[in-house]
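Right, one structure below, let's go through it.
Number of protein chains: 2
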Amino acid sequence: MRTTTKVLPEDARAHHRSMVLQRLFHGGPSSRADLARATGLTRVTVSDLVTTLVDEGLVTELGPSPTGRVGKPATLVALRTRDHQLLAVDLTDDLVLLGAVLDLEGEIVARRSVPSDGRTGEALVDAVADLCRELVTVATRPVLGIGVASPGVVDEHGTVLQAPNRGWADVPLAQLLSAELGLPVHVANDADAACLAELTYGGANGDGLLVLTVGQGVGAGIVLDGTLVRGTRHAAGEIGHVTALDERDSRDDAPLGLPQRCACGRTGCLETVLAVPALRDRAAGDPEALAAVGRRLGIVLAPVVSALNLAEVVLSGPPELLDGPLRLAARSTLRNRTMPVISEDLQLRMTALGEDGALRGAAVLVLSGQLGVT
Amino acid sequence: MRTTTKVLPEDARAHHRSMVLQRLFHGGPSSRADLARATGLTRVTVSDLVTTLVDEGLVTELGPSPTGRVGKPATLVALRTRDHQLLAVDLTDDLVLLGAVLDLEGEIVARRSVPSDGRTGEALVDAVADLCRELVTVATRPVLGIGVASPGVVDEHGTVLQAPNRGWADVPLAQLLSAELGLPVHVANDADAACLAELTYGGANGDGLLVLTVGQGVGAGIVLDGTLVRGTRHAAGEIGHVTALDERDSRDDAPLGLPQRCACGRTGCLETVLAVPALRDRAAGDPEALAAVGRRLGIVLAPVVSALNLAEVVLSGPPELLDGPLRLAARSTLRNRTMPVISEDLQLRMTALGEDGALRGAAVLVLSGQLGVT
DNA sequence: TTAGTTAGGTAACCATCCTTACAATTGGCG
DNA sequence: CGCCAATTGTAAGGATGGTTACCTAACTAA
Numbered sequence: 001m002r003t004t005t006k007v008l009p010e011d012a013r014a015h016h017r018s019m020v021l022q023r024l025f026h027g028g029p030s031s032r033a034d035l036a037r038a039t040g041l042t043r044v045t046v047s048d049l050v051t052t053l054v055d056e057g058l059v060t061e062l063g064p065s066p067t068g069r070v071g072k073p074a075t076l077v078a079l080r081t082r083d084h085q086l087l088a089v090d091l092t093d094d095l096v097l098l099g100a101v102l103d104l105e106g107e108i109v110a111r112r113s114v115p116s117d118g119r120t121g122e123a124l125v126d127a128v129a130d131l132c133r134e135l136v137t138v139a140t141r142p143v144l145g146i147g148v149a150s151p152g153v154v155d156e157h158g159t160v161l162q163a164p165n166r167g168w169a170d171v172p173l174a175q176l177l178s179a180e181l182g183l184p185v186h187v188a189n190d191a192d193a194a195c196l197a198e199l200t201y202g203g204a205n206g207d208g209l210l211v212l213t214v215g216q217g218v219g220a221g222i223v224l225d226g227t228l229v230r231g232t233r234h235a236a237g238e239i240g241h242v243t244a245l246d247e248r249d250s251r252d253d254a255p256l257g258l259p260q261r262c263a264c265g266r267t268g269c270l271e272t273v274l275a276v277p278a279l280r281d282r283a284a285g286d287p288e289a290l291a292a293v294g295r296r297l298g299i300v301l302a303p304v305v306s307a308l309n310l311a312e313v314v315l316s317g318p319p320e321l322l323d324g325p326l327r328l329a330a331r332s333t334l335r336n337r338t339m340p341v342i343s344e345d346l347q348l349r350m351t352a353l354g355e356d357g358a359l360r361g362a363a364v365l366v367l368s369g370q371l372g373v374t
Numbered sequence: 001m002r003t004t005t006k007v008l009p010e011d012a013r014a015h016h017r018s019m020v021l022q023r024l025f026h027g028g029p030s031s032r033a034d035l036a037r038a039t040g041l042t043r044v045t046v047s048d049l050v051t052t053l054v055d056e057g058l059v060t061e062l063g064p065s066p067t068g069r070v071g072k073p074a075t076l077v078a079l080r081t082r083d084h085q086l087l088a089v090d091l092t093d094d095l096v097l098l099g100a101v102l103d104l105e106g107e108i109v110a111r112r113s114v115p116s117d118g119r120t121g122e123a124l125v126d127a128v129a130d131l132c133r134e135l136v137t138v139a140t141r142p143v144l145g146i147g148v149a150s151p152g153v154v155d156e157h158g159t160v161l162q163a164p165n166r167g168w169a170d171v172p173l174a175q176l177l178s179a180e181l182g183l184p185v186h187v188a189n190d191a192d193a194a195c196l197a198e199l200t201y202g203g204a205n206g207d208g209l210l211v212l213t214v215g216q217g218v219g220a221g222i223v224l225d226g227t228l229v230r231g232t233r234h235a236a237g238e239i240g241h242v243t244a245l246d247e248r249d250s251r252d253d254a255p256l257g258l259p260q261r262c263a264c265g266r267t268g269c270l271e272t273v274l275a276v277p278a279l280r281d282r283a284a285g286d287p288e289a290l291a292a293v294g295r296r297l298g299i300v301l302a303p304v305v306s307a308l309n310l311a312e313v314v315l316s317g318p319p320e321l322l323d324g325p326l327r328l329a330a331r332s333t334l335r336n337r338t339m340p341v342i343s344e345d346l347q348l349r350m351t352a353l354g355e356d357g358a359l360r361g362a363a364v365l366v367l368s369g370q371l372g373v374t
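Listed in order, the protein sequences are those of chains A and B. To convert, note that position 222 of the first sequence is 222 in our numbering; the numbers rise steadily by one, no gaps. To convert, note that position 96 of the second sequence is 96 in our numbering; the numbers rise steadily by one, no gaps.
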């Protein structure tokens, strides 16, 4: 049975508040009347909400708008995007913890990073906390909260259920950091974060988006109906260990060679052909081999794209490896192996966010957690 | 940008009403105090809601409950499941339109069917309307609404965007039938309906469920987080035309022979090996061939199961074909090609609803549309 | 018989939104 | 030049729906 939860008036209020913020965030400065039209609320209600938002310091009046029409000129109100900041941490990399201070536009104001020096477990948590503390001192405006993109399986409360490479199992990271720093903390899987970043800053289609992150490993974040898919055990997107190459495949896709043993103990996982180390070792610079990897990727993605009727698949990772024969082969394989209704509207493209996908996504966690902005 | 919609107090009321009905539907007769505890609402609010539900005739007081504990004995209230009926129509079959009258328990009270006689387009709409009219006369209790399970791509308003075999394109079926019969009408894709039936009557896990319907064609319905996945173009679940067999596959999986031409114009689609006609022609009674089909199915499902971290995959179709070597081969292939975290908790089973999946699902459309019960 | 517990109802209050009415300000038109 | 229509933002009053606090009824355990 589906368990829903009761709706209090204050929940409705919070929801409407988010709608107003959302509109200001994406639509830029607007008059109260504009906001009323956009949200469906009355001008009265919007005025009231705006008043509280101004009192909270999140929104400010800009003054009368250049009037083109008849009637009383509107006074624009705007989100004070430069007057608040948030902290983002990206733990994707094995060797270094990346941190940044961003403003509400998503502009990176400052970066800090520390080598991870092989730390794991509690020591790594401490290192993350130290990095956050440093970021707090670097911030020049009030900090709304902290977002963390972590590898591994993360639940909706920000507990890292498992991240073997980090020595983490059931680590309540959000709770620990929040207690340590006295700020709201939101933690999510790195691929999920990259997916949110694509949605918020990359202009992606929230009706059906899959972001494939290619790095040390291969992961995916999926957004349907504007929300992340989490999965029964919070392991949605763990697509790196689907078999993508078995013995018979390798006979025809010769450039790939035989299926390789994967770190997970099995053989022929997608990671063994598509992760960055595998690509560098066995395909970099060889268009044929890159195309062969692309074909394997297309074959793996075809059922997912069809089942979900996705609008976009976005690749995040080194462009010199991904954005060429690999991507093109994946795309044509995808087209060849799905019906037109599915492939017609499908985009398969590179991210426009470069290396900062997960980091920007960590920022989005805060925006969405604290302001309800997506 | 995600567009959300405003929440009025009356929406909250409707939501709470649904929560109470939901609880009564799944939990059976309960006291008002039970309902309050289950929903998180106050006893006052629940009492008020129950009063209106009694006035509407949906709920009735059963009298004092057999008291086991101290305190005033509770008076049970119950959904009047036998005193209301709903109509369900299943258009999946090429040759016959299936209809039924059900009560709110999901018990089928009466069945009616008419041969489709090759009708398509408007004539078919008329035939469906006629069938509904007959069902209305057969019903012995007030009818809450009509649910229709149709093949093809159906949008959220019950418009059939395309159903080539029925000669339908952009047919606002729900609207037409509703105008004709004066009752609320809900239309959904047949596989989606089967999926909802599995959720409501089959006790399936709404956190990650895929129902694969195998008949004339192959389709899938997917429920994540308790809601159907619809897809950008409402074509989610159209998995029958993913390539499942190419030239090189057939060399090893000899029992399947060469990839066959599919009705969609392409070659080697999942339907060409898994649809009932294909199974009957080329695999029925041959365990090796059935297992080979199961392996192809497992290969196609592995990426979907991994990407979504599904809890259950349910097969709906002729058990003599599906529930044997085919299912077992699919299951072991699925296990072999996904990582343990994914496959560990995954069930791959037959439906418990037999042939009536889509029909029962059509009934669920009404339950959920009119009462908010899932 | 009395104390304690549970169910269910009533009254007063609070939050939120809506509708209606109005002041302020502008452009266009006679 | 002055009036009207359009538009914005605010104020007052009403409707809805929830909460807390308190009351009575009916039962069990001592």
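By construction, the Cβ of each residue, glycine as well, lies at the ideal position given by its N, Cα and C atoms.
- Taking 8 Å as the cut-off, the beta carbon of Thr159/A is found no closer than this to the beta carbon of Leu181/A.
- Residue burial is scored here from C-beta neighbours: Ala291/A has at least 16 other C-beta atoms within 10 angstroms and is therefore classed as buried.
- Secondary structure note for Gln175/A: its alpha helix (DSSP H) is the uninterrupted segment Leu173 to Leu181.
- A Cβ-Cβ distance of about 26 Å is found for the pair Thr200/B and Arg166/B, leaving them out of contact under the 8 Å criterion.
- Closer than 8 Å to the CB of Pro151/B there is not a single CB belonging to chain A.
- With its beta carbon at least 8 Å from every one in chain B, Asn165/A lies outside the interface.
- Residue nearest to Arg230/A within the set Ser343/A, Gly217/A, Ala193/A and Gln216/A is Ala193/A (criterion: CA-CA distance).
- For Arg111/B, the enclosing beta strand (DSSP E) starts and ends at Ile108 to Pro115.
- In the structure shown, Glu312/B adopts extended strand secondary structure according to DSSP, grouped into three states.
- Residue state for Gln370/A is assigned as helix, using DSSP reduced to three classes.
- A residue is called buried when at least 16 other Cβ atoms come within 10 angstroms of its Cβ; Gly203/A does not meet this threshold and is exposed.
- Distance from the CA atom of Leu224/A to the CA atom of Leu209/B, rounded to whole angstroms, is 15 Å.
- Following the DSSP letters along the chain, one finds Leu41/A in no alpha helix (DSSP H), marked with neither H nor E.
- Judged by beta-carbon spacing, Ser31/B lies within the 8 Å limit of Thr75/B, meaning their Cβ atoms are closer than that value.
- For the region 184-202 of chain B, there are no residues whose beta carbon sits under 7 Å from a beta carbon of chain A.
- Those residues of the region 342-368 of chain A placed with their C-beta closer than 7 Å to a C-beta in chain B are Ile342 and Asp345, ordered along the chain.
- Residue Ile342/B holds the alpha-carbon nearest to the alpha-carbon of Gly240/A among Ala149/B, Arg17/B and Ile342/B.
- DSSP links Pro64/B through a beta bridge to Thr75/B.
- As the crow flies, the alpha-carbon of His157/A is around 8 Å from that of Val187/A.
- The C-beta of Arg337/A comes closer than 8 Å to at least one C-beta of chain B.
- Residue-level contact check: Pro259/B does not touch chain A, since none of the beta carbons of chain A fall below 8 Å from its beta carbon.
- Per DSSP, Val128/A lies in no beta strand (DSSP E) segment; the continuous alpha helix (DSSP H) that holds it begins and ends at Gly121 to Val138.
- Rounded to whole angstroms, the separation of the alpha carbons of Leu79/A and Gln162/B is 44 Å.
- Taking a Cβ-Cβ cut-off of 7 Å, the neighbours of Val300/B in chain A comprise Pro303, given in sequence order.
- With contacts defined by Cβ atoms closer than 8 Å, Glu238/B and Ser332/A do not form a contacting pair.
- Shown here is that no member of the region 120-131 of chain B has a Cβ falling below 7 Å from a Cβ of chain A.
- Secondary structure at Val341/B: helix, using DSSP grouped into helix, strand and coil.
- Nearest CB-CB separation between Leu308/B and chain A: below the 8 Å threshold.
- In this structure, DSSP gives Arg266/A a state outside helix and strand, which the three-state scheme calls coil.
- Contact between Gly152/B and Ala88/B is absent: CB atoms are separated by about 18 Å, not below the 8 Å threshold.
- Asp55/B counts as exposed, since fewer than 16 other C-beta atoms from the protein chains shown sit within 10 angstroms of its C-beta.
- Looking at Val185/B, Ala127/B and Thr140/B, the one whose alpha-carbon comes closest to that of Leu367/B is Val185/B.
- Residues of chain A with a Cβ closer than 9 Å to the Cβ of Thr159/B do not exist, since the nearest Cβ in that chain sits about 16 Å away.
- Of Asp356/B, Ala283/B and Arg337/B, the smallest CA-CA separation from Val273/B is found for Ala283/B.
- The beta carbon of Arg43/B is closer than 8 Å to those of Arg32, Ala33 and Ala36 in its chain, skipping five residues each way along the sequence.
- DSSP places Ile239/A in the coil class of the three-state scheme, outside both helix and strand.
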